[in-house]
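The sequence shown begins at 619 in the numbering used here and counts up by one. Beta carbons are placed, not taken as given, at the ideal position from N, Cα and C, and that holds for glycine. First the structure, in the form of structure tokens, and then the observations on it.
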Amino acid sequence: MSGAAPMDAPSTDRRTNLIGLSRDELAGVMAGMGEKPFRVKQLWHWLYHRGESDFARMTTLGKPLREKLARRHAAARPRVVREQVSKDSSRKWLFGFADGNEAECVFIPEEDRGALCISTQVGCTLTCPFCHTGTQRLVRNLEAGEIVGQVMAARDALAEWGTPAGGRLMSNIVVMGMGEPLLNYDQVAKALTVIMDGDGIAISKRRITLSTSGIVPMIPRVGRELGVNLAVSLHATTDELRDHLVPINRKYPLAELMQACRDYPGANNARRITFEYILLKGVNDSPEQARDLARLVRDVPAKFNLIPFNPWPGAPYACSSPRAMKRFAQILNDAGYSAPIRVPRGRDIMAACGQLKSDSLHRRARAPGAV
Ligand code: SAH
Ligand code: SF4
Numbered sequence: 619m620s621g622a623a624p625m626d627a628p629s630t631d632r633r634t635n636l637i638g639l640s641r642d643e644l645a646g647v648m649a650g651m652g653e654k655p656f657r658v659k660q661l662w663h664w665l666y667h668r669g670e671s672d673f674a675r676m677t678t679l680g681k682p683l684r685e686k687l688a689r690r691h692a693a694a695r696p697r698v699v700r701e702q703v704s705k706d707s708s709r710k711w712l713f714g715f716a717d718g719n720e721a722e723c724v725f726i727p728e729e730d731r732g733a734l735c736i737s738t739q740v741g742c743t744l745t746c747p748f749c750h751t752g753t754q755r756l757v758r759n760l761e762a763g764e765i766v767g768q769v770m771a772a773r774d775a776l777a778e779w780g781t782p783a784g785g786r787l788m789s790n791i792v793v794m795g796m797g798e799p800l801l802n803y804d805q806v807a808k809a810l811t812v813i814m815d816g817d818g819i820a821i822s823k824r825r826i827t828l829s830t831s832g833i834v835p836m837i838p839r840v841g842r843e844l845g846v847n848l849a850v851s852l853h854a855t856t857d858e859l860r861d862h863l864v865p866i867n868r869k870y871p872l873a874e875l876m877q878a879c880r881d882y883p884g885a886n887n888a889r890r891i892t893f894e895y896i897l898l899k900g901v902n903d904s905p906e907q908a909r910d911l912a913r914l915v916r917d918v919p920a921k922f923n924l925i926p927f928n929p930w931p932g933a934p935y936a937c938s939s940p941r942a943m944k945r946f947a948q949i950l951n952d953a954g955y956s957a958p959i960r961v962p963r964g965r966d967i968m969a970a971c972g973q974l975k976s977d978s979l980h981r982r983a984r985a986p987g988a989v
């Protein structure tokens, strides 16, 4: 695939972007051009299975239709503003959108699979004090097309459109980048529906994990409407500590959050809820807290992800010692839970959990006179 049109095409460009439209919306566009419904399926295949952005190359569509599409529409992804590759092969992209806003996205390759970590907002309105993204004021929610566009731009970069022989590099999606996805639910749901569609990008709900800080009222809808895996950023076992570490807890306290987890549609022992727990030295890493944690989740199908704190400039925390982390994990293991300590990926390029921030804002702030 070549010549992908960037989303930040000049403002004189009056073409509208097709990326991110639902199937029904795309059908509406095609019907408006007098096209029969089967053409929608063909176009969908070109856009999302082949990753084609040049309408002229969509050879199963008639020439007049191709020309009409090219005049009126685009299949635009965000522009790659910067790409960085870590020593450990993680790749981080800073993507630019049509209005000049930017967000980061990280690809984390593993031996037989790979996960793309996508952003749902530019910045975040929540202010978890250990999170770099939380220090950036929210600029805006991303639109469905901008969320799908991250996946498409990553597939462009990895050159794996179509059906690659020998499996995919990008097999999984984690909605764990910048922002709180459940405060932008409609656009996130629309984007994930496009991403899961079996005729297109076709990443199944079993390979998608959505992480939330605990927007309780939206959790049932994630299970019912999307059916993706749920990850909950827990980080503390008492309301007192969680009110501080994850301030949204003041609105949706632990008891309500745990009830939403117990009720999560589709969770069972084969498909557990992941509880993310960041390990902060002297704050939440004692053996007693590990035991409390096991007790807290005892009636939820649960597994843990222990995340060593990833530092960023000016962060008010330190990462727990390797000994404390091991002891913490062991207590959870002894209680019967899987609790791997995540090996931080991409730390050298600030691509690890909680290090994302669209630093274009800092850059502009530091460059007087820059627009
Ligand atoms: N807003 C959502 C998803 C994005 S944050 C949420 O909070 O779940 C993704 C994960 O990174 C969360 O578990 C978050 O707690 C974790 N995280 C944030 N800052 C971190 C840091 N500095 N080091 C390690 N993990 C961090
Ligand atoms: Fe927002 Fe999640 Fe960071 Fe908290 S941890 S500030 S919810 S992105």
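Proximity test, residue i beta-carbon vs the ligand SF4 heavy atom, cut-off 6 Å
{"i": "E798", "result": "yes"}
{"i": "T751", "result": "yes"}
{"i": "S831", "result": "yes"}
{"i": "L911", "result": "no"}
{"i": "L744", "result": "yes"}
Whole-Å CB distance - residue i paired with residue j, under 8 Å assumed
{"i": "S704", "j": "I967", "result": "5 Å"}
{"i": "K808", "j": "S640", "result": "6 Å"}
{"i": "D903", "j": "S938", "result": "4 Å"}
{"i": "A762", "j": "G638", "result": "4 Å"}
{"i": "R889", "j": "N847", "result": "7 Å"}
{"i": "P799", "j": "L828", "result": "6 Å"}
{"i": "P696", "j": "F673", "result": "Between F673 and P696 the Cβ distance is about 19 Å, and since that is not below 8 Å, they are no contact."}
{"i": "P931", "j": "A885", "result": "So it is not a contact: roughly 38 Å between Cβ atoms."}
From the options, residue whose alpha carbon lies closest to that of residue i
{"i": "G954", "options": "K921, P931, S939", "result": "K921"}
{"i": "A820", "options": "M794, L852, V769", "result": "V769"}
{"i": "S851", "options": "I837, M788, R786", "result": "I837"}
{"i": "T751", "options": "F713, N790, M794", "result": "M794"}
{"i": "V766", "options": "M814, N719, G785, C746", "result": "M814"}
{"i": "V698", "options": "V658, N719, G964", "result": "N719"}
{"i": "P940", "options": "E701, D881, R960, A933", "result": "R960"}
{"i": "M676", "options": "R825, L661, A888", "result": "L661"}
{"i": "N790", "options": "I736, A721, G732, P747", "result": "G732"}
{"i": "E653", "options": "K686, E722, Q754, W664", "result": "K686"}
{"i": "G900", "options": "T811, Y935, P747", "result": "Y935"}
{"i": "I826", "options": "I891, N759, H862, P962", "result": "I891"}
{"i": "R965", "options": "T753, L810, L859, Q702", "result": "Q702"}
{"i": "L859", "options": "P883, C746, C723", "result": "C746"}
{"i": "E906", "options": "F946, D774, F656", "result": "F946"}
Residue i Cβ short of 6 Å to the ligand SAH heavy atom set
{"i": "M770", "result": "no"}
{"i": "M648", "result": "no"}
{"i": "I896", "result": "yes"}
{"i": "S938", "result": "no"}
{"i": "N928", "result": "yes"}
{"i": "M794", "result": "yes"}
{"i": "F748", "result": "yes"}
{"i": "S704", "result": "no"}
{"i": "S737", "result": "no"}
{"i": "G925", "result": "For the sequence presented, residue 925 should be read as Ile rather than Gly. True, at least one ligand heavy atom lies under 6 Å from that Cβ."}
{"i": "S851", "result": "yes"}
Cutoff 7 Å: residue i Cβ touching any chain D Cβ
{"i": "G795", "result": "The structure shown contains no chain D; it holds only a single protein chain."}
Kindly provide the ranges of any beta strand (DSSP E) runs that are 3 or more residues long and lie completely inside the stretch 706-774, ordered along the chain. 709-714, 720-727, 732-735
Quick check: the stretch 777-789 against the stretch 739-759, are there 3 or more CB pairs under 8 Å? no
Uninterrupted beta strand (DSSP E) stretches inside the stretch 896-968 (no shorter than 3 residues): 920-926
Curious, which full-length alpha helix (DSSP H) runs of at least 4 residues does the stretch 646-679 contain? 655-662
Quick test of the definition: if touching needs 3 or more C-beta pairs under 8 Å, does the stretch 668-686 touch the stretch 721-736? no
Okay, do the stretch 706-725 and the stretch 890-898 touch, 3+ Cβ pairs below 8 Å being the bar? no
Check whether the stretch 824-835 touches the stretch 675-692, counting contact only when three or more Cβ pairs, one atom from each stretch, lie closer than 8 Å. no
Ignoring anything shorter than 4 residues or poking outside the stretch 778-856, list the alpha helix (DSSP H) runs there in chain order. 803-814
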